[in-house]
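Residue numbers (this note's numbering), protein chains in the order written: chain H, 110 to 370; chain C, 51 to 367.
Just so it is clear, CB atoms sit at the ideal spot from N, CA and C, and this is done for glycine as well.
Worksheet for the structure shown next.
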């Protein structure tokens with residue numbers, strides 16, 4: 110019994126120490142984000158490359174997924190709304206569910222799967238090859254050189270792609286509301302515009318930024334903490350992606366709580 | 051290390067950022083335009099006894115269409131709630147003298163102010179005038195509708211109370227039942243309880259025994275009658291009974307009648323043939339008569355023609 114309690118206590122302390130390290134490092138990175146000295150030409154160059162890999166290369170596929178997934182989702186939902194007689198709440202549904210919840214969530218999952226895993230594997234391989242040690246030996250700030258541009262790149266990509274997703278799905282809603290409710294463009298635009306608040310733009314941007322930060326930061330953190338063996342790479346990616354998923358869920362829950370409190 | 055096509059990547063990334071930001075800005079401007087952010091607004095003043103359910107930003111609807119919203123709420127010097135609503139100039143034509151403003155609190159959904167205008171030709175409502183607002187609360191309406199039902203339920207509950215009260219009929223029935231149960235538990239039988247004393251019970255028991263004896267005698271008689279019936283049944287309906295014999299006789303008779311029918315048919319045929327033969331004999335006789343007559347005539351002719359005839363006289367002695 111005592112041994113079991115000791116194991117539980119040890120696991121809790123380990124978890125707490127790990128979380129403290131993670132959040133402490135996140136705090137350091139956030140402070141660097143707002144420091145002008147961070148942004149050197151090399152950082153800008155890596156940032157540009159990161160946006161290119163994360164958003165521009167993905168753009169075609171992302172638009173396709175947005176159109177297909179968004180259209181299906183909004184078509185079925187509008188049909189159900191009509192069936193249960195809640196037609197007057199179309200605007201609230203599109204603004205509240207599609208723009209503020211679905212757009213950032215769908216975007217961040219796509220980016221986490223594509224770029225988050227890639228960043229995590231890249232860092233872990235750099236660690237195995239002792240490139241990180243070499244950078245530290247040359248007194249190059251890893252946070253400024255490796256972390257910040259990638260984090261800002263992913264954050265920018267998530268914000269812009271979420272906005273794009275929201276616009277595409279809202280446009281799909283126009284098509285489906287015309288088919289299902291025989292609603293004109295003006296009427297639809299009025300309903301959506303009345304339902305959207307100015308603060309919704311800010312909420313979407315802040316939420317996307319938070320999700321983007323953790324989708325980049327957690328893989329970077331776990332990648333840089335991988336062991337020196339090649340077998341440590343998949344373990345690092347696995348741990349990083351699981352924690353990314355947990356972070357997404359936590360941010361989603363916190364945003365919902367913040368919205369409805 | 052800078053890639054070879056870095057300038058191209060830079061251009062694509064820049065284009066992506068600029069186009070996306072422009073699209074988002076256009077969407078934001080469109081929303082702002084639709085929200086009448088750039089429109090001229092007219093301000094109307096309403097008055098309510100209570101601020102309950104009122105919030106700034108609450109929509110003002112005309113014919114189910116949002117034409118404005120609540121801009122501010124404040125307490126007037128008279129202790130009433132002063133509501134200022136803003137309506138875009140293009141929609142002020144729907145707000146006239148005599149327009150009614152109703153605060154609707156639906157059961158589902160957020161409250162709103164609904165404008166109704168019966169006479170669109172009436173003069174426009176002055177922005178200086180303060181109009182009283184009515185309140186329609188769905189929950190109160192439901193309570194009002196449910197009130198008769200609640201009263202009936204209350205009445206049923208009162209009746210139940212009265213029925214179960216001390217000294218009520220139901221209590222009397224329960225007391226009687228309890229007394230009856232006690233009596234039943236004290237007596238040896240229900241019969242004793244019904245007759246009141248033990249002798250009565252013995253008389254009833256004796257009567258029942260006699261009735262049982264009589265029933266036994268009746269049963270014996272019935273058994274004898276049944277035996278007779280069974281024998282009669284065998285004599286009449288048995289294999290060698292009267293009914294079976296009669297049946298066999300009838301079958302035999304039926305067969306004989308069939309044969310007799312055939313015989314009669316033959317007789318009829320024979321009679322018919324005989325009748326034909328009789329007619330033929332009559333014809334034959336007639337023909338024979340005619341032939342005999344012809345032969346007689348012929349002989350007469352021959353006699354007349356030929357001197358065959360000699361007088362023979364026989365001399366008698």
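Item, Value
"Test: residue 291 of chain H CB closer than 8 Å to a CB of chain C", "no"
"Rounded straight-line distance, which links the Cα of residue 63 of chain C to that of residue 129 of chain H", "36 Å"
"Enclosing alpha helix (DSSP H) for residue 124 of chain H [first to last residue]", "111–142"
"Any chain C beta carbon closer than 8 Å to residue 70 of chain H", "Limits of chain H in this structure are 110 at one end and 370 at the other, which puts residue 70 of chain H out of reach."
"Per-residue contacts from residue 80 of chain C into chain H (C-beta, under 8 Å)", "298, 302"
"Residues near residue 148 of chain C by beta carbon distance below 8 Å, same chain, minus five either side", "167, 168, 169, 172"
"Same chain, Cβ closer than 7 Å to residue 269 of chain H, neighbours up to 5 away in sequence not counted", "164"
"Residues from the region 139–169 of chain H in contact with chain C, defined by Cβ distance under 8 Å", "154, 157, 158, 160, 161, 164, 165, 168"
"Those runs of the alpha helix (DSSP H) which lie wholly inside the region 104–183 of chain C and span at least 4 residues", "none"
"In chain order, each alpha helix (DSSP H) run of at least 4 residues that lies wholly inside the region 208–283 of chain C", "219–236, 240–245"
"Of the listed residues H:254, H:312, H:338, nearest to residue 368 of chain H (C-alpha basis)", "H:312"
"Three or more C-beta pairs below 8 Å linking the region 329–345 of chain H and the region 203–216 of chain H", "no"
"Chain-order list of residues whose beta-carbon lies under 6 Å from that of residue 360 of chain H (same chain, five-residue window excluded)", "319, 320"
"Within chain C, partners of residue 310 of chain H - CB distance below 7 Å", "78"
"Residues in the region 56–72 of chain C having any Cβ partner in chain H nearer than 7 Å", "59, 60, 62, 63, 66, 67, 70"
"Where the alpha helix (DSSP H) containing residue 94 of chain C begins and where it ends", "Not the alpha helix (DSSP H): residue 94 of chain C falls in the beta strand (DSSP E), residues 91–98."
"Residues in the region 150–163 of chain C having any Cβ partner in chain H nearer than 7 Å", "none"
"8 Å CB neighbourhood of residue 237 of chain H in its chain, flanking five on each side removed", "335, 336, 337, 338, 339, 341, 342"
"Same chain, Cβ closer than 6 Å to residue 409 of chain H, five either side skipped, listed in chain order", "Since the displayed chain H opens at 110 and closes at 370, residue 409 of chain H lies outside it and no answer follows."
"Own chain residues within Cβ distance below 7 Å of residue 300 of chain H, not counting five before or after", "199, 200"
"Below-8 Å beta-carbon distance, residue 97 of chain C vs any chain H residue", "no"
"Whole runs of the alpha helix (DSSP H) within the region 240–307 of chain H, excluding any shorter than 4 residues", "240–246, 257–289, 294–304"
"Contacts around residue 131 of chain H, its chain only, beta-carbon distance under 7 Å, and the 5 residues preceding and following it disregarded", "330"
"Host alpha helix (DSSP H) of residue 208 of chain H (start-end)", "Here residue 208 of chain H belongs to no alpha helix (DSSP H), and DSSP marks it neither H nor E."
"Short-range partners of chain C found in the region 266–278 of chain H, where Cβ spacing is below 7 Å", "269, 272, 273, 276"
"Beta-carbon separation (whole angstroms), residue 204 of chain H vs residue 309 of chain H, contact threshold 8 Å", "6 Å"
"Chain C contact residues for residue 305 of chain H, given Cβ-Cβ distances below 8 Å", "81"
"Extent of the continuous alpha helix (DSSP H) run through residue 340 of chain H", "No alpha helix (DSSP H) contains residue 340 of chain H, which DSSP labels as neither H nor E."
"Alpha helix (DSSP H) segment containing residue 77 of chain C, residue limits", "56–84"
"Residue of H:185, H:176, H:231 minimising C-alpha distance to residue 290 of chain H", "H:185"
"Runs of alpha helix (DSSP H) wholly within the region 307–361 of chain H (minimum 4 residues, chain order)", "307–333"
"CB contact below 8 Å: residue 85 of chain C versus chain H", "yes"
"Reduced DSSP secondary structure (H/G/I, E/B, other) of residue 187 of chain C", "strand"
"Exposed unless 16 or more other CB atoms sit within 10 angstroms - verdict on residue 90 of chain C", "exposed"
"Proximity of residue 110 of chain C and residue 131 of chain C at Cβ, strictly below 8 Å", "no"
"Min CB distance residue 74 of chain C to chain H below 8 Å", "yes"
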